[in-house]
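Worksheet for the structure shown next.
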Amino acid sequence: MTQKHTPAAALEEFEKRQAMAQGMGAAEKLRRRQEAGRMDARARLDRLFDAGSFSEVGLFAYSGEDPAQAPADGKIAGYGRIGGREAAAVSNDFTVMGASSTIVNGRKIGHMKRVAAQRGLPLVFLGESSGARIPDTMGATGMGASGSDPAQYMRLRETPWAAAILGPCFGSSSWYTCLSDFKVMRRGALLSVSSAQLVRQATGASVEAEELGGWRLHSEGTGLVDLVVDTDEEAIDAIRRFLSYLPSHAGEAPPRQAVPAGSGEDMDRILDLLPANRTQVYDMKKVLRAVVDKDSFFELKPGFGKSGITALARIGGHSVGLIASNPLQRGGALQIEACQKIASFIVLCDSFNIPLVNFADVPGFAIGLDAELKAAPARIMNYMSALQMATVPKLTVIVRKLYGQAYLNMGGGRNSDEVAAWPTGEIGFMAPAAAVTVVHGIGPGDAGFEEKIEAFERETSPWAMAGQFSVQEVLRPGDTRDYLIRMLEVHQLRATGGVGQRLLRAWPCYL
Numbered sequence: 011m012t013q014k015h016t017p018a019a020a021l022e023e024f025e026k027r028q029a030m031a032q033g034m035g036a037a038e039k040l041r042r043r044q045e046a047g048r049m050d051a052r053a054r055l056d057r058l059f060d061a062g063s064f065s066e067v068g069l070f071a072y073s074g075e076d077p078a079q080a081p082a083d084g085k086i087a088g089y090g091r092i093g094g095r096e097a098a099a100v101s102n103d104f105t106v107m108g109a110s111s112t113i114v115n116g117r118k119i120g121h122m123k124r125v126a127a128q129r130g131l132p133l134v135f136l137g138e139s140s141g142a143r144i145p146d147t148m149g150a151t152g153m154g155a156s157g158s159d160p161a162q163y164m165r166l167r168e169t170p171w172a173a174a175i176l177g178p179c180f181g182s183s184s185w186y187t188c189l190s191d192f193k194v195m196r197r198g199a200l201l202s203v204s205s206a207q208l209v210r211q212a213t214g215a216s217v218e219a220e221e222l223g224g225w226r227l228h229s230e231g232t233g234l235v236d237l238v239v240d241t242d243e244e245a246i247d248a249i250r251r252f253l254s255y256l257p258s259h260a261g262e263a264p265p266r267q268a269v270p271a272g273s274g275e276d277m278d279r280i281l282d283l284l285p286a287n288r289t290q291v292y293d294m295k296k297v298l299r300a301v302v303d304k305d306s307f308f309e310l311k312p313g314f315g316k317s318g319i320t321a322l323a324r325i326g327g328h329s330v331g332l333i334a335s336n337p338l339q340r341g342g343a344l345q346i347e348a349c350q351k352i353a354s355f356i357v358l359c360d361s362f363n364i365p366l367v368n369f370a371d372v373p374g375f376a377i378g379l380d381a382e383l384k385a386a387p388a389r390i391m392n393y394m395s396a397l398q399m400a401t402v403p404k405l406t407v408i409v410r411k412l413y414g415q416a417y418l419n420m421g422g423g424r425n426s427d428e429v430a431a432w433p434t435g436e437i438g439f440m441a442p443a444a445a446v447t448v449v450h451g452i453g454p455g456d457a458g459f460e461e462k463i464e465a466f467e468r469e470t471s472p473w474a475m476a477g478q479f480s481v482q483e484v485l486r487p488g489d490t491r492d493y494l495i496r497m498l499e500v501h502q503l504r505a506t507g508g509v510g511q512r513l514l515r516a517w518p519c520y521l
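With the numbering used here as the guide, the letters of the sequence shown map in order to residues 11 to 521.
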């Protein structure tokens, strides 16, 4: 046995290669990141996983002839625990060739996806990458090898996926982010198909990187991003929080949590949140926070489609998906963007067995040329179709007005398992004043106008609905939290262990 093949030499070689792979890119790059307040790929994993729980996969993978040029091939992968539950993650190491994509690190991602799906593990992507590595993927051989997995971008939502946009995200980082169930973006990061430089080369158009793929575009314009934060740490903490509401995999119910002290303490004053004037606006988020467990309200896409609210929360320790209109925005009339985000939210909740709770105060859908140019009828029906396909428990509370088709979209009729109304509720095809004008051809100030409004208001009261059992309960507002806790217990999916039929599991990632 030669000296270089002895056990001692083999161990020395192991230690050398391990240190090289764990060292990531050049020390100068790591130093600059630290000075700029940017976490490196391994520090991000330390923040994501419970202390001491990370087990790496593919540490010694690399592309090219020299492993020192591509430690871990620019993508660090492995397993760890998040809040005591096993999970998987891929963290892009931008200090190694811009975390560019290769056949080798693509195999690492594929491995993590397969294990997560087969073993019931949430999968987290910590994104920051420059796209495909050239010249590795430049020729026909490289491109031919890249299409070896026919299901590379197919999602059946077997387990939750979450992604953080923490730097420039092109190529695989952008694709897997868009496929994920939760997307958080740090201000200053970018997400687009290609860089501003490449856009200039390909089209001649000059565009700023922030305009092409910055946080404002994706949180307020496209709606791709669920949450915007200021630091890497906040982004990773948001992922941990998001996953706390969800089961580890689609074959189980969401985890129950202890109810925090002080939950529901404002319920006896909840009606004070509604103005005495029925046409005056108010913030529905205050109502929702009063009802749910203390500090459990976690809103998604707050800057997109603002007249609609989508949020995860807990009620009596149960994870729930909240869908609500917000009269503070457009009087609660649902924008097309709101319909879009609500439909996607229903898909999330139905895919992972999370009950849906609607809080309705909706005068209808936003109308006009802009809405029609955004395919309003199709968006409204997408929303309606998702709601009717969802097989998780569905509860609806009618807080104030609920008119027209929005009555069905917000869970009215048989579109919820239970429908309750506050005494302040008002249900009809349109507002009483508008109905008087349409039916009788008279308006404010005309003789008989006020009398006819009163007649229509009697017909639109919750008592009329309760009389024909179109709502199952008229609630004292202060009893809403207790009512929902009880109904969540009644409507548990006992026969299937808390698991729904998941008819929406293959719904496209953004439609």
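Every residue, glycine too, gets a C-beta built ideally from N, C-alpha and C.
Between R52 and L227, the alpha-carbon positions lie close to 29 angstroms from each other. In the three-state reduction of the DSSP assignment, L55 falls in the helix class. Looking at K351, V407, A353, R340, the one whose alpha-carbon comes closest to that of F375 is R340. Annotation: A396 is outside any beta strand (DSSP E); the continuous alpha helix (DSSP H) that includes it extends over 386-399. Residue range 318-325 is occupied by the beta strand (DSSP E) that includes T320, with no alpha helix (DSSP H) assigned at that position. In this structure, the CA atom of G331 is about 6 angstroms from the CA atom of I364. If you ignore the 5 residues before and after S184, its C-beta comes within less than 6 angstroms of the C-beta of L201, all in its own chain and listed in chain order. Contact fails between the region 157-173 and the region 198-217, because fewer than three Cβ pairs, one in each stretch, are under 8 angstroms apart. M475 counts as buried, since no fewer than 16 other beta carbons sit within 10 angstroms of its beta carbon. Residue nearest to P178 within the set A430, S205, R410 is S205 (criterion: CA-CA distance). Sequence-distant Cβ neighbours of L281 in its own chain, meaning closer than 6 angstroms and more than five residues away, are P487. According to the DSSP assignment, Y186 belongs to the alpha helix (DSSP H) that extends over 182-189. Considering only R324, D489, R424, G130, the residue with the shortest C-alpha distance to P270 is R324. Scanning its chain for C-beta atoms nearer than 8 angstroms, with the 5 sequence neighbours on each side dropped, one finds around E243 the residues M49, R57, in chain order.
Short of 7 angstroms from the beta carbon of I352, and not among the five residues preceding or following it, lie these beta carbons of its own chain, in chain order: G318, T320, I333, Y393. According to the DSSP assignment, L405 belongs to the beta strand (DSSP E) that extends over 404-413. Restricted to the region 105-149, the alpha helix (DSSP H) segments that are unbroken, complete and at least 4 residues in length are 113-129, listed in chain order. When DSSP reads this structure, V367 sits in a beta bridge with L332, L405.
Here the alpha carbons of S258 and H121 stand approximately 18 angstroms from one another.
Between N102 and L136, the C-beta spacing is below 9 angstroms. The beta carbon of G435 lies closer than 6 angstroms to those of I408, P472 in the same chain, with the five residues before and after it left out.
Cβ neighbours of R91 within its own chain (closer than 8 angstroms, five residues either side excluded): F59, D60, S63, A97. Note on geometry: alpha-carbon atoms of R165 and I175 lie some 20 angstroms from one another. Judged by DSSP secondary structure, A376 falls outside any beta strand (DSSP E); it is assigned neither H nor E.
By the beta-carbon neighbour count (other beta carbons within 10 angstroms, threshold 16), P433 is exposed. Judged by DSSP in its simplified three-state form, Y520 adopts coil rather than helix or strand. For S306, the closest C-alpha among the options L234, G274, Y292, Q290 is that of G274. Taking C-alpha positions only, V100 is separated from E23 by approximately 26 angstroms. Spatial neighbours of S329 in its own chain (CB-CB distance under 6 angstroms, excluding positions within 5 residues in sequence) are listed in chain order as Y255, P264, I364. Nearest to T232 by C-alpha distance, out of G181, P403, L222, is L222.
In the structure shown, the three-state DSSP call for P178 is strand.
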